[in-house]
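Working notes for the structure below.
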Amino acid sequence: VNAGCAPKDLKHFDEELGRFGGDVKMEVMWDNRGLYALQGPKAVEVVQRLSSTDLSKLSFGESLWLTLEGAECLVSRCGYTGEDGVEIFVPGEAAVKVWQRLKGEPEVRL
Numbered sequence: 140v141n142a143g144c145a146p147k148d149l150k151h152f153d154e155e156l157g158r159f160g161g162d163v164k165m166e167v168m169w170d171n172r173g174l175y176a177l178q179g180p181k182a183v184e185v186v187q188r189l190s191s192t193d194l195s196k197l198s199f200g201e202s203l204w205l206t207l208e209g210a211e212c213l214v215s216r217c218g219y220t221g222e223d224g225v226e227i228f229v230p231g232e233a234a235v236k237v238w239q240r241l242k243g244e245p246e247v248r249l
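Straight run, no breaks: the sequence shown in our numbering ends on number 249.
Encoded structure:
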């Protein structure tokens, strides 16, 4: 869901889920989560340092749940700048801790 289009996107998903009729539900989790986007050729390498899961097999467009700094985070490999990158969705209570760890990595620049 794109932030600028969220109401329209969520309405569309609700309509499609209603037509599906299966045992599927949608949970919007952005109200209690932080989001960090790391872009560039070293993004996956940086996140790899925070996780014991092998991220080399995570392809562009794939997502998985990782424990980062003790918190269950949703990590997606993507990029909007033309570079490889990752987006990290962090539970609110762990957002500062994960951010501090990320910004402490030498490749991470603001």
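Beta carbons are placed, not taken as given, at the ideal position from N, Cα and C, and that holds for glycine.
Small disclaimer: the values here were computed from a predicted structure and weren't measured.
Asked                                                                                                                    : Found
Whether Ala-210 touches Val-237 by CB criterion (8 Å)                                                                    : yes
Contacting residues, own chain, Cβ-Cβ under 7 Å from Leu-213 (five flanking each side not counted)                       : Ser-202, Trp-204, Phe-228
Tyr-175 burial status per 10 Å Cβ neighbour count (16 or more: buried)                                                   : buried
Where the alpha helix (DSSP H) through Pro-146 begins and ends                                                           : 145-159
Entirely enclosed beta strand (DSSP E) segments - the region 157-242, minimum 3 residues                                 : 172-178, 202-207, 210-216, 224-230
Neighbour flag for Phe-199 against chain C, beta carbons, 8 Å                                                            : Note that chain C does not occur in the displayed structure, where there is just one protein chain.
Within 8 Å, strictly: CB atoms of Ala-182 and Glu-208                                                                    : no
Rounded separation between Val-235 and Ser-190 - CA only                                                                 : 17 Å
Residues of its chain near Thr-192, where Cβ-Cβ distance is below 7 Å and the 5 sequence neighbours each way are ignored : Leu-205
CB contact flag (Val-247, Leu-149, <8 Å)                                                                                 : no
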